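Its first residue numbered 94, the sequence shown is counted upward by one per residue in my numbering.
Just below is one structure, and these are the notes that go with it.
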Amino acid sequence: DISFRKLLKVKGIVLIEPVYKNPFEQLKLGRGTEHLAEALADFFSRHVRSHRCIETDMNRIGKNRLSYIISSFITMPLSIEVECISNMSKYDWKKAVKEIKVPVRIIAGEKDEFAKVGSLGELIAGLKNCSLKIVRNGRHTMIVEETGKVGKLVEEAVEEIIS
94 DISFRKLLKV KGIVLIEPVY KNPFEQLKLG RGTEHLAEAL ADFFSRHVRS
144 HRCIETDMNR IGKNRLSYII SSFITMPLSI EVECISNMSK YDWKKAVKEI
194 KVPVRIIAGE KDEFAKVGSL GELIAGLKNC SLKIVRNGRH TMIVEETGKV
244 GKLVEEAVEE IIS
């Protein structure tokens with residue numbers, strides 16, 4: 094909800110391993126370092142600090158930010174995770190993406206077992222100014238395993254957006 098309400102103020106969007114068509118699929122896959130868990134943990138650490146949904150010591154987040162957030166996610170109560178996923182399911186992303194006017198860069202893993210590159214067609218088709226970068230041999234956990242490659246692709250996207 095926050096991201097869709099603030100879209101008029103952003104200059105570009107980078108999506109790393111976009112979420113599933115049906116967010117409830119994630120519940121069947123378990124918890125841990127799955128993409129949705131990472132995305133939710135990152136979102137909460139940046140935007141919902143005042144609610145303290147995750148037990149996160151913000152002073153410790155720095156160079157190893159991602160791994161700390163993932164380990165912090167394990168402390169998130171399942172009820173909060175289910176509520177977040179439930180809220181996500183209320184949005185019609187097909188309608189919402191048509192409202193996005195800024196450039197979007199999607200970064201996906203070539204060998205992602207869960208969010209397959211082939212399933213991104215519908216998302217890409219709905220976006221007016223979208224580019225796709227595929228991390229060669231990138232798996233579902235590429236954001237941890239291929240930090241350098243993913244970071245470089247994000248930097249390139251930001252440079253293109255601001256230039």
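The C-beta atom is built at its ideal place from N, Cα and C for all residues, glycine as well.
Given the structure is predicted, the values throughout are model-derived calculations rather than measurements.
Partner residues in the beta bridge of A201, as assigned by DSSP, are I227.
I200 is positioned such that its CB atom lies closer than 8 Å to that of V243. A straight line joining the alpha-carbon of G219 with that of K245 spans about 26 Å.
By the Cβ test, the region 188-195 is not in contact with the region 224-238, since fewer than three Cβ pairs between them sit closer than 8 Å. Using a Cβ distance threshold of 8 Å, I254 and P196 count as a contacting pair.
By the beta-carbon neighbour count (other beta carbons within 10 angstroms, threshold 16), R229 is exposed.
The C-beta of G231 has 16 or more other C-beta atoms within 10 Å across all chains shown, which makes the residue buried.
Straight through space, the alpha carbons of L213 and F207 are spaced by roughly 12 Å.
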